[in-house]
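Taking it in order: structure first as structure tokens, then the write-up.
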Amino acid sequence: MNADHIIMAGNLLDGSGAGVRRRVFLAMQAGCITAIGPVAELPRLPPGVAVTDLSHATLLPALVDGSVALARSSSLGPAAPPGLADTTPEARIALLQRHLGFCLSHGVLGAADGEDATGLVADYQQRMAPSGPIALRTAPHDFLRIGYSANIEADAAPDNRLSAGDLYRLLQHRGDKKAVVVANGRQAVAEALAAGCDAIEQGYAMGEDNLKQMAARGVLWLPALLRAKNALDGARGGGNICCRFSQRYVAPGKPVPGAEALWRQTLSEQLALLQRAKELGVTTAVGTGAGSAGIIHGEAVAEEVKLFIKAGYSLAEAIRCASVNGAAFFGFERLGELAVGRQATFLVTRGTAGQLPRKLSYLEGIYIDGVAVPL
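Using the UniProt record's numbering, you'd call the opening residue of the sequence shown number 1 and step up by one each time.
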């Protein structure tokens, strides 16, 4: 066994969807994983091999958020940062860096920004952070994100909605870029699938027939459960917009009759649809919509994982959706499953796997290419 560093872990979730492995070692050399196995089978180590004891902790893959808006703040109310058009370049970069810091502190090392119309995030990645700890993909630079339907929580449909023919023609000329289409409702999702999209984002009320088509064609689904959950929490709060898991972000609103019942039903139906997608074999991934009102960068991924589990996914399956599936779709080659030959990039949480996903908000460590990075 070739290794310059051995980690002894209490628990390991490798991202494959398999169950928790207990009392394992992870061998690394030059930033790559060279062996994984039971601690009891660890051979005698030659002199000079570093050993780190994390027997009190759980290792799991780095997380990926497939739907973020890094240049937009989820803060609300009078204390919210002003709109990007009204700020200086320095302020825009500072806001972006703040959101990247939120991602890092919660183990989100891959983020797909679908709302980088100004090119701020892509420019930052290329000029200022090409080797930073967080891998980025941006639309339209790296992939396409097309709003065919309004976001599920939007008050009204967009005025300039594409026709089915426009969407088809657009996707036929996308080249080798993958296309993520925001679509809600049976007809809109069916039209997006017919146009040849690679992924559906949101997909509320799309029905089982569309799920079957997605399973047959290998189309990814990012169900964006947190959008409905956040809207439900706001309706419960008498119209106030807030993020249930962080009271730092609250804005006053006004009650809307029937809103709570509507959002409770919407979320319930989306959870049932996600459970059916699992049964049908649809590939799913986490895309939180972070940057939308009340949905905070970084910690939103853990909240979305909780909702996947509520929909019937095991912890291991939900972690795969929050890591490996998104990494594969968006081309984060250095992220993904913890396996021999892969990069030694992973998260460390204190305690057992049973304390996940809550412990994702209190990471003990992050390793990137075999090296611990400061939090």
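We treat Cβ as the ideally placed atom computed from N, Cα and C, and that holds for glycine.
As for any alpha helix (DSSP H) of minimum length 4 sitting wholly inside the segment 182-240, the runs are 186-195, 208-217 and 225-236, ordered along the chain. DSSP places GLY110 within a strand segment (E or B) once states are collapsed to three. DSSP lists ALA111 as the beta-bridge partner residues of ASP65.
Boundaries of the beta strand (DSSP E) around ALA372: 371-373.
In the same chain as ALA164, and ignoring 5 residues on each side of it, the C-beta atoms closer than 6 Å to its own belong to GLU191, in chain order. Cβ-Cβ separation between ILE146 and ALA179: approximately 6 Å, consistent with a contact (criterion under 8 Å).
DSSP links PRO38 through a beta bridge to VAL24. Nearest Cα to MET8 within the set PHE25, GLU115 and ALA50: PHE25. Assignment of beta strand (DSSP E) within the segment 114-157, counting only whole runs of 3 or more residues, yields 135-138 and 144-147 in chain order.
Distances from the CA of ALA57 to each of ALA318, GLY207 and VAL20 were compared; the closest alpha carbon is that of VAL20. Apart from sequence neighbours up to five positions away, the residues of its chain that approach LYS278 with a beta-carbon distance below 8 Å are THR284, ALA311, GLY312, TYR313 and GLU317, ordered along the chain. Cβ-Cβ distances below 7 Å link GLN343 to GLY31, CYS32, ARG334 and ASP369 in the same chain, with the five nearest sequence neighbours on each side left out; the list follows chain order.
The C-alpha of PRO38 is placed about 21 Å away from the C-alpha of GLY48.
At the C-beta level, LEU63 and LEU109 come within 8 Å of one another. With fewer than 16 other Cβ atoms from the protein chains shown falling within 10 Å of its own Cβ, GLU269 counts as exposed.
For ARG264 against LEU225, the beta-carbon gap comes to about 13 Å, at or over 8 Å, which does not count as contact. Residues of the same chain with a CB within less than 8 Å of the CB of ALA50, apart from the 5 flanking positions on each side, are ASP4, HIS5 and ILE6 in chain order.
DSSP links GLY10 through a beta bridge to no other residue. Going by beta carbons, GLY107 and GLU201 fall outside the 8 Å limit. Going by beta carbons, LYS177 and LEU144 fall inside the 8 Å limit.
The Cβ atoms of LEU280 and GLY66 do not sit closer than 8 Å to each other.
In the three-state scheme derived from DSSP, where H, G and I count as helix and E and B as strand, ILE296 is classed as coil.
Check the Cα spacing between ALA40 and each of ARG22, LEU54 and PRO46: the tightest is with ARG22. ALA215 and ALA154 have their alpha carbons spaced roughly 28 Å apart. Cα atoms of LEU274 and LEU262: separation of roughly 18 Å, rounded to the nearest angstrom.
For HIS5, the pairing in a beta bridge is given by DSSP as MET28 and ALA50. DSSP lists ALA57 as the bridge partner or partners of ARG350. VAL180 is bridged by DSSP to ARG145 and ALA199. Relative to the Cα of GLY196, the nearest Cα in the group GLU304, GLY17 and HIS173 belongs to HIS173.
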